[in-house]
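Heads up, the thing below is written out as structure tokens.
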Amino acid sequence: MTHHRITGRTSRRARAAAAVIAAGVLVPLAAGATPAAAATPTVSCTSGKSGLAAKLTQDITASLVGRASTAAVAVRDNTTNTTCGLRIGERYDSASVVKVTVLTTLLWDAQKTGRQLTDREKQLASDMITKSDNAATSALWKQLGVTKIQGFLNAAKMSRTIPGSGGYWGLTQISAGDQMLLLNLLALKNTVLTDASRGYTLGLMYKVVASQRWGVSAGAPSTARVQIKNGWLSRATHGWRVHSVGAFTSGGHSYTISVLTHDNSSMQYGVDTIQRVARAVHKDLAPAATATAEVFTPPAVPQEALPGTPETAPRDAVPATR
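Here is the structure:
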């Protein structure tokens, strides 16, 4: 794989998205409020297109009415300069969503010396993203080590993300805001990832197997290129964690959606919550488009083995190199 060095500045839109998150404007507190007295988080949107922010705020809020899931949502439409957020700074166990970060760290590290990925690395990367293979993830996590992963997080300004310790990559702490930053690095030219690295990552996300293309893909325009990664994990506290992140492009229109959830009674319940949000977002961002007819539903028994956690057998995790 050939990597192209980018010497230009990070795009204005990428910097704007990062500034929005850093400023915390997506989840404003009332004047004078203290953390202990903060109100229940609400959806907050801004947009360069008249009426769109209010529409998205209303529809995302309505999509979550009656849902027991605790959901975090981050939306970025680079075409209309639109951003939406709900609980964007709250941390969730990552499950397999972190695999995109593992891949981008691998590519970012390879860029430093201008080297191509080895055949082994390419196969592991493909299995990790397209099939959500845990063994491949553990091998790359061990190869990279937490120091390099943290180095990439620093470069990407993903300050709310904390790598999982002891090899438990599925317990990496992530936020919807940081996932939006990562997806924006993939969607727009920047100084962190080369064009080749961005294209390679999005190419694998585009090839995710059909049984794992549920989530934020629900309701996407039928003409859209859907680049997606999902994650799911059940633990004694907060029930099922079910997450979905994706980047969408159609006819020059580019936007990203990240939805993280926990407190789900089942995997299916979490999927349903995410897909309710996704349908609302796609409808508002692409109102003239014909929505994808097929809605993907996960199998009764997840095809991906759940990421290792301290509650499961130690064999499920490969300790990371420090």
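Reading the sequence shown from the start, the letters are residues -38 to -1, 1 to 284 in mature numbering (1 follows the signal peptide of the UniProt record, and there is no 0). Just so you know, even glycine gets a beta-carbon here, dropped at the ideal spot from N, CA and C.
Could you please give the first and the last residue of the uninterrupted beta strand (DSSP E) stretch that includes residue i?
i, result
"residue 72", "Here residue 72 belongs to no beta strand (DSSP E); instead the alpha helix (DSSP H) covers 61 to 75."
"residue 289", "This structure leaves residue 289 out entirely; the chain is present only between -38 and 284."
"residue 225", "215 to 226"
"residue 34", "32 to 39"
"residue 286", "Because the chain here runs from -38 to 284, residue 286 falls outside it and cannot be looked at."
Determine the direct distance from the alpha carbon of residue j to that of residue i, and round the result to whole angstroms.
i, j, result
"residue 154", "residue 77", "16 Å"
"residue 86", "residue 253", "33 Å"
"residue 337", "residue 200", "This structure gives no information on residue 337, because the portion of the chain shown stretches from -38 to 284."
"residue 21", "residue 147", "27 Å"
"residue 59", "residue 250", "30 Å"
"residue 137", "residue 55", "9 Å"
"residue 169", "residue 144", "19 Å"
"residue 184", "residue 120", "32 Å"
"residue 142", "residue 197", "25 Å"
"residue 102", "residue 95", "11 Å"
"residue 69", "residue 89", "16 Å"
"residue 53", "residue 75", "33 Å"
"residue 149", "residue 187", "12 Å"
"residue 172", "residue 166", "13 Å"
"residue 71", "residue 134", "19 Å"
"residue 8", "residue 241", "19 Å"
"residue 79", "residue 162", "11 Å"
"residue 2", "residue 27", "13 Å"
"residue 236", "residue 47", "14 Å"
"residue 218", "residue 39", "6 Å"
Buried or exposed: which applies to residue i, given that a residue is buried once 16 or more other Cβ atoms fall within 10 Å of its Cβ?
i, result
"residue 289", "Since the first residue shown for the chain is -38 and the last is 284, residue 289 is missing from the structure and cannot be characterised."
"residue 61", "buried"
"residue 123", "buried"
"residue 192", "buried"
"residue 12", "exposed"
"residue 213", "exposed"
"residue 82", "exposed"
"residue 37", "buried"
"residue 211", "buried"
"residue 64", "buried"
"residue 116", "exposed"
"residue 126", "buried"
"residue 118", "buried"
"residue 45", "buried"
"residue 66", "buried"
"residue 152", "buried"
Mind reading off the beta-carbon distance from residue i to residue j? Whole number of angstroms is fine, and I expect it under 8 Å.
i, j, result
"residue 132", "residue 178", "Not really, about 20 Å apart at Cβ, beyond 8 Å."
"residue 224", "residue 32", "6 Å"
"residue 221", "residue 5", "With 8 Å as the limit, residue 221 and residue 5 do not qualify as a contact, their Cβ atoms being about 12 Å apart."
"residue 285", "residue 41", "This structure cannot settle anything about residue 285, because the visible part of the chain is limited to -38 through 284."
"residue 285", "residue 57", "A question about residue 285 goes unanswered here, because the residues of the chain that appear run from -38 up to 284."
"residue 51", "residue 139", "6 Å"
"residue 25", "residue 238", "4 Å"
Could you give the first and the last residue of the continuous alpha helix (DSSP H) run that contains residue i?
i, result
"residue 107", "96 to 117"
"residue 12", "Taken as a continuous stretch (DSSP letters only), residue 12 belongs to no alpha helix (DSSP H), as it is neither H nor E."
"residue 45", "Note, residue 45: premise wrong, no alpha helix (DSSP H); beta strand (DSSP E) at 44 to 48."
"residue 237", "229 to 247"
"residue 146", "138 to 149"
"residue 162", "157 to 168"
"residue 52", "First-last for residue 52: undefined, no H or E at that position."
Inset, instruction - Answer yes if the region 13 to 31 comes into contact with the region 101 to 110, meaning at least three C-beta pairs across the two stretches below 8 Å, and no otherwise. - result: no
Legend entry - Three CB pairs or more closer than 8 Å across the region 229 to 242 and the region 189 to 204: yes
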